[in-house]
Amino acid sequence: MRRFAFKWDGTQSLKSALLVPFYKVAMQLHVADPALPTVLTFWRVDGTWLEVYSVMHDIAERSEVGVLTFAMVPNEPKDQDVTIDMGRNPFVPVAVKKLVVKDEDVRAESGVRFVSEEGKVVTVASNAFPCTLAVEGVRDDVQGIFNTAYEIDKYEVVPF
């Protein structure tokens with residue numbers, strides 16, 4: 038079985054990095070379809086920025102799967118198209134889970150789900166359109182923004 042894991046080069050565990058509360062989410066949008074984010078940046082309460090985007094991997098002829106890449110951004114992002122304030126209080130994740138796509142011979146970490154103490158959920162996954170992201174719980178007013186590569190119930194939700 039071919040396995041495609043999240044990409045993360047940080048100094049702490051990815052789970053620890055994802056559990057840092059955030060107060061804004063900024064998005065770079067696709068040039069051809071401005072409803073689709075290509076990059077998300079979480080503005081975190083510790084004064085850092087965590088970026089996420091999808092990288093495509095060929096799994097068969099004319100078939101690919103998106104896997105999330107995470108990176109710390111050294112400076113405040115300036116080139117974002119949309120910034121969403123999470124409200125009066127930051128979003129404080131108390132749980133974070135992987136969304137895994139399983140196929141006959143492929144296992145790919147294609148999404149992440151954040152859950153707050155209040156039960157609010159933010160989901161980020163590879164979108165059906167290559168190299169874009171499906172986002173739920175941040176900008177739900179935009180039609181089509183949560184269009185995952187596979188039906189959401191086909192993802193296995195697993196702990197880190």
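Basically this note's numbering = 1-based index in the sequence shown + 37. Positions of the beta carbon are idealized from the N, C-alpha and C atoms, including for glycine.
Leaving aside the five residues that flank Glu154 on each side, the residues in its chain whose CB is nearer than 8 angstroms to its CB run, in chain order, Val129 and Val131.
In the DSSP assignment, Lys52 falls within the alpha helix (DSSP H) that extends over Leu51 to Leu55. Counting the other Cβ atoms within 10 Å of the Cβ of Lys191 gives fewer than 16, which makes it exposed. Per DSSP, the beta bridge partners of Thr160 are Arg150 and Glu173. Setting aside the 5 residues that flank it on each side, Arg39 is surrounded in the same chain by Ile96, Asp142, Val143 and Arg144, each with a C-beta closer than 8 angstroms to its C-beta; the list follows chain order. Between Ala186 and Gly103, the gap from beta carbon to beta carbon is short of 8 angstroms.
Burial of Thr169 is indicated by the presence of at least 16 other C-beta atoms within 10 angstroms of its C-beta.
Taking a C-beta distance under 8 angstroms as the contact criterion, Val158 and Leu77 do not qualify as a contact pair. Distance from the CA of Val92 to the CA of Thr75, rounded to the nearest whole angstrom, comes to 10 angstroms. In the displayed model, Lys191 falls within a helix according to three-state DSSP.
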